[in-house]
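Student: Just so we're aligned: 47 in the UniProt record's numbering is position 47 of the sequence shown, and the numbers increase by one with no gaps anywhere. Got a structure for you, written out below as structure tokens; questions coming shortly.
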Amino acid sequence: MDADTVKEVVVAGASVLAVIAAMAYVGMAYGNDTGVLSTQGGQMLAYAIAGFVVLMTIVGYTRQYWLDLDDDE
């Protein structure tokens, strides 16, 4: 793999790990002993998913328009 592919894999992997960590935190903080989320926990989970979508949009935009300075070939 070339260096650009490795960078993309690392950034995408880190983003996925961040959203998994956020979901795990929401589950631990807003869940009960039976594994059911409270209403507020459901909202926080939806916010975590929406945040992931926004994060991946920013990462993709940054990768495409700011970091590809040598693609003028």
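For glycine and all other residues, C-beta sits at the position ideal for the given N, C-alpha and C. All values reported here derive from a predicted model rather than from experimental measurement.
Assign V6 to one of two classes, buried (16 or more other C-beta atoms within 10 Å of its C-beta) or exposed (fewer than that).
Tutor: Within the sequence shown, the letter at position 6 stands for residue 6. Result: exposed.
Student: At which residues does the alpha helix (DSSP H) containing Y30 begin and terminate?
Tutor: On the sequence shown, residue 30 is found 30 positions in, with the first residue counted as 1. From DSSP, the alpha helix (DSSP H) with Y30 extends over A3 to Y30.
Student: Can you say whether V53 is buried or exposed, counting buried as having 16 or more other CB atoms within 10 angstroms of its CB?
Tutor: On the sequence shown, residue 53 is found 53 positions in, with the first residue counted as 1. Burial check for V53: the Cβ neighbour count within 10 Å stays below 16, so the residue is exposed.
Student: I want to know whether the region 28-47 touches the region 2-19 - three or more CB-CB distances under 8 Å.
Tutor: Under the three-pair Cβ rule at 8 Å, the region 28-47 does not count as touching the region 2-19.
Student: Apart from the five residues on each side of it in sequence, which residues of its chain come closer than 7 Å, Cβ to Cβ, to M23?
Tutor: Residue numbering aside, residue 23 sits at position 23 when the sequence shown is read from its first letter. Here the set comprises L45 and A48.
Student: To which residues of the same chain is V59 closer than 7 Å at the C-beta, ignoring the five residues directly before and after it?
Tutor: Counting from one through the sequence shown, the residue named residue 59 turns up at place 59. V11 and S15, listed in sequence order.
Student: Taking V19 as the reference, which of G41, G42, R63 and A50 has the closest Cα?
Tutor: As a working mapping, residue 19 is identified with position 19 in the sequence shown. V19 has its Cα closest to that of A50, out of G41, G42, R63 and A50.
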